Structures are given as C-alpha cells and as structure tokens.
Amino acid sequence: MSDVAALLHAFASSGMAELGPCFDRDRCRHLLDLVRRHRDFGPHLFLSEAEFREDPQLLGISPRAGRNLLESLEGELAFIEGALVFRELLDHLLGRGWEILRKKLVCAVPESWLAPWLLEHVQGYGIPNLGSFVRPEYRDLTYFHGIDFHQDLIDWAGRAVNFATLYVYLDEVTSAESPLHVLPGSHRHGGSVFPLTIERYEHDRWRYTDDRGRSLTLPERILTGPPGSAVIWHPCLVHGTKPNTSGRPRLSLRYLVTQGPSGGGLLDEVNRTIDGPLRLDVTQRHRDADGNVVLKGNTLAESGS
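Numbers 946 to 1250, taken from the working numbering, label the letters of the sequence shown in order.
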C-alpha cells in the first residue's frame, strides 16, 4: 500500500489522516522566520482594557482577502502546495477539481501574554478567538487561547460537507504548545450544533452525544510533532485544543480545501456512510447575533491533563 493509499484508508475509517512530518522541516522554519519579520509577537499585540471597552469589535475580526498575512508570503508556500503528497492526496480525497477555499496562519497564544482582565473576560469561552482583543493592524492571522471540542462546520452554516481541513505545524509542538486534540471516528453521526455534548469517559476517551441523542465513546489523539507535521480531517470530525502554557506562540497553517463543482473523490464515499446531517442551517448557539457570548463552558480546557 502506498503512503497516499494508507492515508486515504485512515481517512475513510476514522475521518482523519495523520500525515506525520511530511513537509520539509527547514522550509517550515524559513517560513516561520519570514512570518516573524512581518510580526513582532508578544503581549503588545493586544488592546488595553480601556481601548477594548471604548470600541469593542466582536464580529469581522478574522483574516480575510486583503487582510491575510499569507498573501504577502504566497510564493513561500510552494513547498507545501506543490508537494506530491499534498496534491496526490487531495486529488484522491476531493476529486481533481479541488480548490483551496481558505488558508491562514493560526497562532496559539501563550497564556503569559494575556493580561489578567483579558483572561478573566474569556474565562469559560468555548471558542476564545482573541481577534476582538488584538489591535486591528494585526488581525491578519487568527489568535486562539485554546478552543473547545467543535466541528469545522461551525463556520459554515448552510454549506454542504464538501471540504476538508489540512493543518500543518510550522514549529515543534509538544503537550505545552496547544497541540490538537482529535476524536477519531466522531464524524460518523454528521453535524451537531456547537457547543457539543461531550464528557470525559476515561483518561484518554470521551463520550460524545450528538443532537439526536446518540452517543459514541471515542479515543482521544493528542497530535504533537516536529515542524512539518500535518493532519487532514473531515468537516464533522470533533477536535479542539487546550490553552498554550509553553511561553512561546505555536504558529501553524490551516487550509480549507473544497471539492470542485462536480464533487468526486473519497469524500463522497465517506459522506455516504455518515448517519446524520451533512449540512446545518444553524451551526452554533453560544453567541448572539451581535457576537456576544451568551453560553459559556469549555469542556476540553476544564478537563485537566
């Protein structure tokens, strides 16, 4: 079995495939160096409490076209986007008409960067996207302080399950640098509205109950690894991260890659095995229409080691 065939087999059975350190370590570190030339990372990226309270911006704070740091580094991504494993895997998974829907840098912010008022403010947030608290000129990447178990459908109300997420670590990620926590097999019941109903079952297993009351008891995979490590997953796969306690930012690439208009590839076969929704008109209920958090709770962050 070829490497790509093994990855496809893993995706079909568990809704995810770990690619391992498949992208060049030195090129990852070079890309990191270029990012750091554009951005002096540290606590100064954040607004003061007075500045935030004066003009809180809760919506429209994520990277977008014209405000995405990767746009200035487009030529430096060829070692990933042109890699044989990248293109061959996506050809088979999504069909030959696949397209990159969105790509961005994600920064898992060290807890030590966050002022006491900010830590208190986001305490218990399920999705602590820190963009609202970052100075506007720095909102060209996404900043997180851990993120509770969720599915990537959360950002795509009304969209069919016709895409996959590829995540690439650009630096060494240990248990302290907010590694991904994933629940293989959690895609089998399709989409559920966030926040999800999940409870610890054993030290390395969780019980996930979908919106129709059906439960799955699932193993937990914590994805640490060297620069260039990557994983790809289904939009209904449950995953999250704990806060970064390392003292240094964890920078990663996040790609959303979609099928072409005619679909195709293994994803269609996987979707036919799913017993549950493949589209959600409402994907989350933790925020109101103005972006205010109205439901708190973060199962993963509060679960201990």
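In this text, a Cβ means the ideal position worked out from N, Cα and C, and glycines have one as well.
Just so we're clear, the structure is a prediction, and the values are computed from it rather than from any experiment.
Looking only at its own chain, which residues have a Cβ that is under 7 Å from the Cβ of residue i, when we skip the five neighbours before and after it?
i	result
L1115	C973, L976, L977, P1172, L1196, S1197 and L1198
R1145	W1151 and S1248
C967	V1030, G1173 and A1175
Assign residue i to one of two classes, buried (16 or more other C-beta atoms within 10 Å of its C-beta) or exposed (fewer than that).
i	result
G1185	buried
V1127	buried
T1110	buried
R998	exposed
V1118	buried
A1234	exposed
A1023	exposed
A1010	exposed
So the candidates are the options; which of them puts its Cα closest to the Cα of residue i?
i	options	result
S1131	R984, L1168 and S1160	S1160
Y1088	V949, V1215 and G987	G987
T1228	V1106, V1202 and R1166	V1106
G960	P1008, E1117, L979 and R1133	R1133
E994	V1067, D1100 and Q1096	V1067
E1122	D1100, Y1112 and K1187	K1187
Under 8 Å, do residue i and residue j count as touching if we go by C-beta distance?
i	j	result
L1063	G1136	no
N1216	D1093	no
V1176	L1035	no
P1129	L1168	no
C1256	L1014	Because the chain is modelled from 946 through 1250, residue 1256 falls outside the range shown and cannot be assessed.
L1211	A951	no
G1103	D1226	yes
F1139	H1231	yes
E1033	V949	yes
P1180	L1098	yes
I1006	R1080	no
Which partner residues does residue i have in the DSSP bridge list?
i	result
T1162	R1152
P966	S1174
S1197	V1051 and Y1114
A1109	V1202
Report all residues from its chain with a CB closer than 8 Å to the CB of residue i; omit the five preceding and five following residues, and keep chain order.
i	result
G1209	L1039, G1040, R1041 and G1042
N1237	L1003
M946	A caution first: M946 carries a pLDDT of 42, below 50, which makes its placement in the model unreliable, though a value can still be read off. Closer than 8 Å at the Cβ level, and outside the excluded window around M946, lie H954.
V1054	L1075, Y1088, F1089, H1090, N1189 and P1194
E1165	H1126, V1127, L1128, D1149, R1150 and W1151
G965	G1170, S1174 and A1175
Only counting the same chain, and skipping five residues up and downstream in sequence, which positions put a Cβ closer than 6 Å to that of residue i?
i	result
S1057	G1192
L1182	G960, M961, S1131 and H1132
Please indicate yes or no: does the CB of residue i lie closer than 7 Å to some heavy atom of the ligand ATP?
i	result
Y1200	Of the ligands one can find in the structure shown there are none, so the ligand ATP has no counterpart to examine.
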